[in-house]
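Residue numbers (the working numbering), protein chains in the order written: chain A, 5 to 86; chain B, 5 to 86.
In structure tokens form, the structure reads like this:
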């Protein structure tokens with residue numbers, strides 16, 4: 005068993021409305037940041053886990069995203085293992 | 005003016021309690037993912053902006069984090085410009 009540290013990024017799919025991102029965009033505008041076109045908010049998860057191999061760890065992490073961490077109807081996810 | 009796309013990652017500082025991460029850790033355990041030690045949740049922002057140079061864009065993005073996107077008492081941020 006080896007230890008791995010992974011980073012998962014969950015973001016809204018292109019085309020899905022992001023009202024929170026829009027609100028942040030507006031707030032940045034009122035704070036004087038005028039060059040901002042678009043803001044999209046997402047989530048990250050830093051996960052430490054044990055697995056027999058890097059491939060096995062990646063498989064587990066993808067399964068975690070499918071089952072719990074991402075709503076794959078509206079969200080994409082990306083797994084990076086360090 | 006050039007257009008830049010940046011990714012900002014806001015994470016809790018080491019030592020700050022993360023009850024949401026703990027809850028996810030517990031949920032992953034009950035779903036049968038047994039190798040998980042630790043989960044920490046953070047936020048990401050994908051920002052498109054105009055700036056006169058990459059250095060200027062980075063400066064603006066750091067200012068956005070300090071003023072709005074991160075609570076620097078308990079959170080760290082990292083800016084990556086693509």
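The C-beta atom is built at its ideal place from N, Cα and C for all residues, glycine as well.
It should be emphasised that the depicted structure is a prediction, and the values quoted were computed from it without experimental measurement.
Bounds of any alpha helix (DSSP H) do not take in residue 7 (chain B); it lies within the beta strand (DSSP E) bounded by 6-16. Residue 79 (chain A): member of the beta strand (DSSP E) spanning 79-85, first to last residue.
The straight-line gap separating the alpha-carbon atoms of residue 53 (chain B) and residue 36 (chain B) is approximately 42 Å.
In terms of Cβ geometry, residue 72 (chain B) and residue 12 (chain B) do not form a close pair [threshold 8 Å]. CA-CA distance, residue 21 (chain A) to residue 43 (chain B), rounds to 27 Å. Within the region 37-58 of chain B, the residues whose Cβ lies closer than 8 Å to some Cβ of chain A are 37, 39, 40, 41, 42, 43, 44, 45, 46, 47, 48, 49, 50, 51, 52, 53, 54 and 55, listed in chain order. Annotated three-state conformation of residue 59 (chain A) is helix, per DSSP. Contact with chain A is found for residue 13 (chain B), since one of that chain's Cβ atoms lies less than 8 Å from the residue's Cβ. Residue 25 (chain B) carries a helical assignment under DSSP once its states are collapsed to helix, strand and coil.
The C-beta separation of residue 48 (chain B) from residue 25 (chain A) comes to about 11 Å, leaving the pair out of contact by the 8 Å criterion.
At the C-beta level, residue 29 (chain A) and residue 40 (chain A) come within 8 Å of one another.
Around the beta-carbon of residue 27 (chain A), fewer than 16 other beta-carbon atoms lie within 10 Å, marking it exposed.
Of the residues A:33, A:38, A:60 and A:16, the one whose Cα lies closest to the Cα of residue 5 (chain A) is A:60. By the rule that beta-carbons nearer than 8 Å mark a contact, residue 21 (chain B) does not touch chain A. Cα atoms of residue 86 (chain B) and residue 80 (chain A): separation of roughly 19 Å, rounded to the nearest angstrom. Residue 38 (chain B) and residue 62 (chain B) have their C-alpha atoms roughly 40 Å apart.
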